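Reviewing the structure listed below.
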Amino acid sequence: MQYSDKVIEHFSNPHNVGEIENASGVGTVGNAKCGDIMRIYLDIDEDTKIIKDCKFKTFGCGAAIATSSMATDMVIGKTIYEAMEVTNKAVMEALDGLPPVKVHCSLLAEESIHAALWDYCKKHNVDIPGLKEPK
Ligand code: FES
Ligand code: FES
63 MQYSDKVIEH FSNPHNVGEI ENASGVGTVG NAKCGDIMRI YLDIDEDTKI
113 IKDCKFKTFG CGAAIATSSM ATDMVIGKTI YEAMEVTNKA VMEALDGLPP
163 VKVHCSLLAE ESIHAALWDY CKKHNVDIPG LKEPK
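Residue numbering for the sequence shown follows this note's numbering, beginning at 63 and increasing consecutively.
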């Protein structure tokens, strides 16, 4: 299996690992295909709606860890609305691709970010266009 240098780099030295105490939103998603789990914590500025910090915990394969690392990097500094642009496709592109059998791993990052945004929206009565309730 061929992994890109960027995937190996993010897997070997993942960014934003950990938890955020009193996070604005938390999302946990399980991958139906492999049973792996990812949890995302968001720290959101109440006024600007900018994601000030994002951390993750992943029980999963190397590709899941690399995508979490990249996806959390990509949402930090964005507003909650702009964070919707961080799709699994965008994350995979930023990582210079993933082997086809590992594409499902990248879904975890998108889904858990959406779940954390949903959690935030529910608590704060905010609406993000295009955001759907997590399954
Ligand atoms: Fe769980 Fe990939 S199947 S680590
Ligand atoms: Fe389970 Fe990658 S094999 S997330």
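Heads up, the beta-carbon is just placed ideally off N, CA and C, and yes, glycines get one too.
No experiment lies behind these values; they were computed from the predicted model shown.
query: Could you tell me if the beta carbon of A128 falls within a distance shorter than 6 Å of some heavy atom in ligand 2?; result: no
query: Which ranges does the alpha helix (DSSP H) cover as unbroken runs of at least 4 residues, wholly within the region 116 to 192, from first to last along the chain?; result: 124 to 137, 150 to 156, 165 to 186
query: Rounding to the nearest angstrom, what Cα-Cα distance links S74 and A125 in this structure?; result: 11 Å
query: Quick one: give me the first and last residue of the beta strand (DSSP E) that D105 is part of.; result: 99 to 106
query: Skipping 5 residues on each side, what residues in its chain have a beta carbon closer than 6 Å to that of V158?; result: A quick correction: the sequence has Asp, not Val, at residue 158. Excluding residues within five positions, the ones whose Cβ falls inside 6 Å are S66, K68.
query: What do you reckon, is the C-beta of D98 under 6 Å from a heavy atom of ligand 2?; result: yes
query: Return the Cβ separation of G87 and A178 in integer angstroms, given the expectation that the two are a contact with Cβ distance under 8 Å.; result: 4 Å
query: Is any heavy atom in ligand 2 found nearer than 6 Å to the beta carbon of C116?; result: no
query: By Cβ distance, which residues of its chain are closer than 8 Å to H166, with the 5 residues on each side in sequence left out?; result: N93, K95, C96
query: Using the rule of at least 16 other Cβ atoms within 10 Å of the residue's Cβ for burial, across every protein chain shown, is I70 buried or exposed?; result: exposed
query: Got a sec: does ligand 2 put a non-hydrogen atom nearer than 6 Å to the Cβ of G122?; result: yes
query: Taking 7 Å as the cut-off, decide whether the C-beta atoms of N150 and S130 are in contact.; result: no
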